[in-house]
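Visitor: The numbering of the sequence shown is the working numbering, which starts it at 3 and goes up by one. Where a beta carbon is used, it is the ideal one built from N, C-alpha and C, also for glycine.
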Amino acid sequence: MNVRDAVLRVAVVQIAYGDDESMDDRIERVAALVRAQAGHDLVVLPELWAPGGFSYREWASRAQPVEGSIGSAMSAAARDAGVLLHAGSIIERASSGHEGSSEVGSDGRGLWNTSLLYGPDGGLVAAYRKIHRFGFGSGEPKLLDAGEDIVVVEREGFSAGLSTCYDLRFPELYRRQLDAGATVFIVPAAWPAARVRHWTLLAHARAIENQCVVIACNTGGTHAGTEMGGHSQVISASGEALAMAGSGEQVLSVDVDLDAITIWRDQFPVLQDRRL
3 MNVRDAVLRV
13 AVVQIAYGDD
23 ESMDDRIERV
33 AALVRAQAGH
43 DLVVLPELWA
53 PGGFSYREWA
63 SRAQPVEGSI
73 GSAMSAAARD
83 AGVLLHAGSI
93 IERASSGHEG
103 SSEVGSDGRG
113 LWNTSLLYGP
123 DGGLVAAYRK
133 IHRFGFGSGE
143 PKLLDAGEDI
153 VVVEREGFSA
163 GLSTCYDLRF
173 PELYRRQLDA
183 GATVFIVPAA
193 WPAARVRHWT
203 LLAHARAIEN
213 QCVVIACNTG
223 GTHAGTEMGG
233 HSQVISASGE
243 ALAMAGSGEQ
253 VLSVDVDLDA
263 ITIWRDQFPV
273 LQDRRL
């Protein structure tokens, strides 16, 4: 990846799917979509697009280690397209450790909602295990372990903080990423249509309060009885919507001016007035 003249060319790939498409078919289809984004610097996919964002009953059977079929396909697609690829997230099952034991989290599930970031050479750059689990005691909290680590990745011209879907409701996470140097927030999601107004408002809020670019990629379609909200978006550090998708499958191609982040922070130095 070569960021040219401080402009980051981003492709936000809003995947729409239903229960009639198999996971294997979807992996193949999405890999082709990623390859079609050659010429971009960064490509972003939604949360749990392969195993299904609300397909809780299937998660255990569809869980994979990072190096499983989803990760392998996304690594190859990133390499073929020559892009930095945020591959959305998978249901991660930890690889077996020494003496045949497997890693488990603090809740003992041994499964995580894990985002994967691949470099243009296909190598794994970073993995982020979702910290805030959605479901109010069921769903993710019942089935998955919580992540513990804040992840900020330094790249040419920007630093990207990684978070996932429900995380967007917790502003303290983004303050921690900001303090770790983040200038861009990448947020894949499987956010339902019933609360899509929250999705758009919270993405704007995280951009405005932290003076960071927000790249937020949601899911379309209907699966497991849940209509997804779409409306993937790219929000500037000053709170301007640079691009907004509809509800169906769509690719947003956006040029993000990285210098504009620093310029806005200098022109409106609100972050210097923090006291708490």
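#1: Specify whether the segment 172-182 and the segment 204-215 touch according to this definition: at least 3 beta carbon pairs, one from each stretch, less than 8 Å apart.
#2: In terms of alpha-carbon separation, which member of Y58, D123 and D27 lies closest to S140?
#3: Mind checking who D7 pairs with in its DSSP beta bridge?
#4: Output the residue ranges of the alpha helix (DSSP H) runs that lie fully inside the segment 150-187 and measure 4 residues or longer, sorted by chain position.
#5: Rounded to the nearest angstrom, how far is the Cβ of D122 from that of G90, given a contact under 8 Å?
#6: Let me check one thing: in DSSP terms, what residues is D261 bridge-paired to?
#7: Determine the direct distance from the alpha carbon of E23 to that of A281, and round the result to whole angstroms.
#8: Helix, strand or coil for L86? Go by DSSP, reduced to three states.
#9: Would you mind reading off the limits of the beta strand (DSSP E) that contains W114?
#10: Taking only three categories from DSSP, how would you classify R95?
#11: Considering only the beta carbon of each residue, do L164 and L119 sit closer than 9 Å?
#12: Note the first and the last residue of the continuous alpha helix (DSSP H) segment covering S29.
#13: Mapping the DSSP letters down to three states, classify H233 as helix, strand or coil.
#14: In this structure, how does DSSP classify H134 when only helix, strand and coil are distinguished?
#15: Which residues in the same chain have their Cβ closer than 7 Å to the Cβ of G124, if we skip the five residues on either side of it in sequence?
#16: DSSP has T221 in a bridge; who is on the other side?
#17: In the DSSP output, what is A256 paired with across the bridge?
#18: So the alpha helix (DSSP H) L146 belongs to, where does it begin and stop?
#19: Using C-beta distances below 6 Å, list every residue in its chain close to V15, excluding the 5 sequence neighbours before and after it, in chain order.
#20: By the DSSP assignment, the beta strand (DSSP E) with V45 in it spans what residues?
#21: To the nearest angstrom, how far is it from the Cα of E242 to the Cα of H134?
#22: Measure the CB-CB distance between V186 and V216 and report whether it falls below 9 Å.
Guide: On the basis of the data shown:
#1: Between the segment 172-182 and the segment 204-215, the count of Cβ pairs shorter than 8 Å is three or higher; the stretches touch.
#2: Closest option to S140, judged by alpha-carbon separation, among Y58, D123 and D27: Y58.
#3: DSSP, once it has assigned bridges, lists no residue as partnering D7.
#4: The qualifying runs are 173-181.
#5: The question names Asp, yet the displayed sequence has Pro at residue 122. In fact, because the Cβ distance is near 18 Å, the residues do not count as touching under 8 Å.
#6: None, per the DSSP bridge assignment.
#7: The requested residue 281 is not part of the displayed model; the chain covers only 3 to 278.
#8: In the structure shown, the three-state DSSP call for L86 is strand.
#9: Unbroken beta strand (DSSP E) run through W114: L113 to Y120.
#10: Of the three classes helix, strand and coil, the one that applies to R95 here is strand, per DSSP.
#11: Going by C-beta atoms, L164 is nearer than 9 Å to L119.
#12: For the record, residue 29 in the displayed sequence is Ile; it is not Ser. Where I29 is concerned, the enclosing alpha helix (DSSP H) stretches over M25 to R37.
#13: Correct three-state label for H233: coil.
#14: Three-state DSSP puts H134 in coil, outside helix and strand.
#15: Closer than 7 Å at Cβ, skipping near neighbours: S77, A78, A80 and R81.
#16: According to DSSP, T221 bridges with nothing at all.
#17: The sequence shown places Val at residue 256, not Ala. DSSP, once it has assigned bridges, lists V12 as partnering V256.
#18: First-last for L146: undefined, no H or E at that position.
#19: Once the five neighbours on either side are set aside, the close Cβ partners of V15 are L35, L47 and V253.
#20: Membership of V45 in the beta strand (DSSP E) is indicated by the continuous run L44 to V46.
#21: In this structure, the CA atom of E242 is about 27 Å from the CA atom of H134.
#22: For V186 and V216, yes; Cβs fall inside 9 Å.
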